[in-house]
DNA sequence: GTAATTACTGATATCGTTGTCAACTAAGCT
DNA sequence: AGCTTAGTTGACAACGATATCAGTAATTAC
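Residue numbers (this note's numbering), protein chains in the order written: chain B, 2 to 338; chain L, 2 to 338.
This is the structure we're talking about:
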């Protein structure tokens, strides 16, 4: 038999409504009665019934994670960050896989939200880049926060990483190690990260007075297989680059396999650089030079932004860009003695 | 403004209770009225309000996944299977990470269930092996189903895989390829899978009249690093095995790195076998011979069992053992001409 | 043909909260 | 003092479903 508000109100000698006020941290409760009520709540071990709360108040204390990303480590980190905040706040996470090519996505999500009275959404790439979808969320007054959006102007709450700057910095590092012939494997063109990473690369080349060899630029889709294919293509030509910079670690791993199958020694014959610092990066041999993003922290912050919007918390929080870190490992060598 | 039962009952010209009966597939509704009601429901696009349902009926349509497993691919597959059923049935999945060393785990989970009125649990390894925890669930009359339990006698609903038989079969396969000196890396001793896999291995050796060289058996914990360490130990001795059978792919990958760092060629100098068919297995070079479990299907079935118990569905479903498949790839070679 | 059983149906109470609104008290202002 | 305002409190309705139980219609039994 559960403890209800009524039990608490009897114990504390106040009305049900006053207890409710205390629970919901409403104003206009005197310190004295608040104290009495809190004591009773603790004494009886009262916990408000979430179903009743959401039935009456239309708030479910559930947020949803929208995703359509095959990278399971990435998703697991995102989930981890959100769940950390959920534990702190008593919210609950619901997973919702979406198909970003679905033209009715907006409607389906709206329906999903109504169905479960979801309080808000956390949107991850590549859904973060679907402008008409985001527009739909705005129009339906859905609360949401976004991880790594392409266009931050339209978005109230987001977290992002400095992909462009990190890519620029890594390219500089590669050049500093004496590499003149640099291959690049782009990510999926629907992800804004692909463009940021590529643009950081080309801009660094330009600033160092180097020209882009378009033969050495291949388009992948962030998967191991696409990296493998791109690697095979890049490595079959006579005029090979001395280093390949892949837009993520999985594609770099694909290149590594392609190289090893062709008897090309990494890093002696070919240096290799990835992006993301997936667990894989440290496990390959040679281990992969790459770029680490604080994905888990980003997700945590995105969830904080969302709950801030939902609860209208006093402390306004700001969208934030997180800084990536270059991780130098064995797969990138110095060509200058 | 949402459509309520009342709207439907007005439209159909019946009482709200009758509509409720149709929604809940209760008996004693004539075919004729049922049809009318269903038509009205569809016409108005009525969807029952879950909060109201769970407030009154104590059923939340939420199930929880209990996990404490660092293998993110495994978890993602599990999640995928459960979510597939959730989409079909309108249930909702809540994630709950647990610490299996926590002595108060049972109480905390009970509290969690009460808090969110969770309808049931899906328990994954290594929690599947915590007997006192499962006993607590029985005593508190919690509905649950288990993935890969160690002890199927006490458990009403479970799914398992034939780890023992698969390991036995793989060991036979290894022997058939002419390997006489076989190393083995065990998994985490808290996972029942570790013992099943090891026992399958030793039993196959025995049945083929081969003896176990305990120097070639190392204990790992299913992590890449533990495989790497075990690999270094196994490979430093003069008397090396010709093949190493690791209890999962991550540990096998660790061995591969250890070998490559020591200039040992795989598979020419050393064959390697894993377990699980993680994506990693196909991405390594050489690609890994391993054993595939239908994890996603297992999770789907576990969820079906759970919902069957909760809803008391007419069609009784049975616990089930799923069959694994040997995946033969490059890392295991034939020593016989 | 009447009684007993079974199959349907609906009026109303109920789940445990929050929202509305009115009442009361204490303080501030002419 | 009299009037306004702000702060505090509680009685009661409402959220949208399901549960209970009584009532009516249809079927079966004898």
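Positions of the beta carbon are idealized from the N, C-alpha and C atoms, including for glycine.
Only a predicted model underlies this, so the values are computations on that prediction, with no experimental measurement involved.
Task: Rounded separation between residue 289(L) and residue 273(B) - CA only - done: 23 Å
Open item on the list: Quick test of your reading: residue 275(L) and residue 259(L), contact by CB under 8 Å. State the CB separation rounded to the nearest angstrom.
Closed with: 14 Å between Cβ atoms; not a contact.
Task: Three CB pairs or more closer than 8 Å across the stretch 292-305 of chain B and the stretch 323-331 of chain B - done: yes
Open item on the list: Quick check: what's the CA-CA separation for residue 279(L) versus residue 249(L)?
Closed with: 9 Å
TODO: Rounded to whole angstroms, what's the CA-CA distance from residue 4(B) to residue 20(B)? Just pull it up for me.
DONE: 13 Å
- [ ] Taking residue 300(L) as the query, report the chain B residues whose CB atoms sit under 9 Å from its CB, ordered along the chain.
- [x] Going along chain B, no residue has its Cβ under 9 Å from residue 300(L), so there is no contact; the nearest lies around 13 Å.
Open item on the list: I need the DSSP call for residue 333(L), collapsed to helix, strand or coil.
Closed with: coil
Open item on the list: Quick check: is the beta carbon of residue 116(B) nearer than 8 Å to any beta carbon in chain L?
Closed with: yes
Open item on the list: Give me the subset of the stretch 46-63 of chain B whose CB atoms are less than 9 Å from a CB atom of chain L, sorted by chain position.
Closed with: 48, 50, 51, 52, 53, 54, 55, 56, 57, 59, 61, 62, 63
TODO: List the residues of chain L that residue 262(B) touches, going by C-beta distances under 7 Å, in chain order.
DONE: 286
Open item on the list: I want to check one thing, is the minimum distance from the CB of residue 73(B) to the heavy atoms of the ligand ADP below 7 Å?
Closed with: By its list of ligands, the structure shown contains no ligand whatsoever, and the ligand ADP lies outside what it can speak to.
Open item on the list: Between which residues of its own chain and residue 208(B) is the CB-CB distance below 6 Å, once the five residues before and five after are set aside?
Closed with: none
TODO: Select from 76(L), 179(L), 116(L) the residue whose C-alpha is nearest the C-alpha of residue 336(L).
DONE: 179(L)
TODO: Report the rounded CA-to-CA distance for residue 315(B) versus residue 43(B), giving the unit in angstroms.
DONE: Model confidence at residue 315(B) stands at a pLDDT of 46, short of 50, so the residue's coordinates are unreliable and nothing is read from them.
- [ ] Could you check the C-alpha separation between residue 147(L) and residue 111(L) for me, to the nearest Å?
- [x] 17 Å
Open item on the list: Taking CB distances under 8 Å as the criterion, tell me whether residue 237(B) reaches chain L.
Closed with: no
Task: Range of the contiguous alpha helix (DSSP H) that encloses residue 299(B) - done: 296-312
Open item on the list: For residue 216(B), which residues in the same chain have their Cβ closer than 8 Å to its Cβ, ignoring the five residues on either side in sequence?
Closed with: 238, 240
- [ ] Take the Cβ of residue 187(L) as the centre, count every other Cβ of all protein chains shown within 10 Å, and call the residue buried at 16 or more, exposed below.
- [x] buried
Open item on the list: Would you call the stretch 67-83 of chain L in contact with the stretch 6-26 of chain L, where contact means no fewer than 3 C-beta pairs closer than 8 Å?
Closed with: no
Open item on the list: Using only CA atoms, which one of 156(B), 82(B), 63(B), 47(B) lies nearest to residue 114(B)?
Closed with: 63(B)
Task: residue 9(L) at chain B interface by Cβ criterion, 8 Å - done: no
Task: Proximal residues, the stretch 216-236 of chain B versus chain L, C-beta separation under 7 Å - done: 225
TODO: Would you mind telling me which residues of chain L sit closer than 9 Å to residue 98(B), beta carbon to beta carbon, in chain order?
DONE: 81, 84, 88
- [ ] Determine the direct distance from the alpha carbon of residue 298(B) to that of residue 122(L), and round the result to whole angstroms.
- [x] 28 Å
TODO: Would you grab the beta carbon distance between residue 135(L) and residue 156(L) for me? Rounded to a whole angstrom, and I think it's under 8 Å.
DONE: 7 Å
TODO: Using 10 angstroms around the beta-carbon of residue 91(L), count the other beta-carbons present and answer buried if the total reaches 16, otherwise exposed.
DONE: exposed
Task: Close-in-space but distant-in-sequence residues of the same chain around residue 271(L) (CB under 6 Å, 5 per side omitted) - done: 260, 265
- [ ] Reducing DSSP to helix, strand and coil, say where residue 63(B) ends up.
- [x] strand
Task: Minimum C-alpha distance to residue 228(L) - residue among 242(L), 310(L), 247(L), 243(L) - done: 247(L)
Open item on the list: Which residue wins for smallest C-alpha separation from residue 138(B), given the options 98(B), 107(B), 182(B)?
Closed with: 107(B)
- [ ] May I have the straight-line CA-CA distance separating residue 100(B) from residue 128(B), to the nearest angstrom?
- [x] 9 Å
TODO: Report the three-state DSSP secondary structure of residue 4(L) (helix, strand or coil).
DONE: coil
Task: Own chain, CB closer than 6 Å to residue 82(B), minus 5 neighbours either side, in chain order - done: 297, 300, 301
Task: Buried or exposed (CB count within 10 angstroms, at least 16 for buried), residue 32(B) - done: exposed
Open item on the list: Report the CB separation of residue 72(L) from residue 223(L) in whole angstroms; it is logged as a contact under 8 Å.
Closed with: 7 Å
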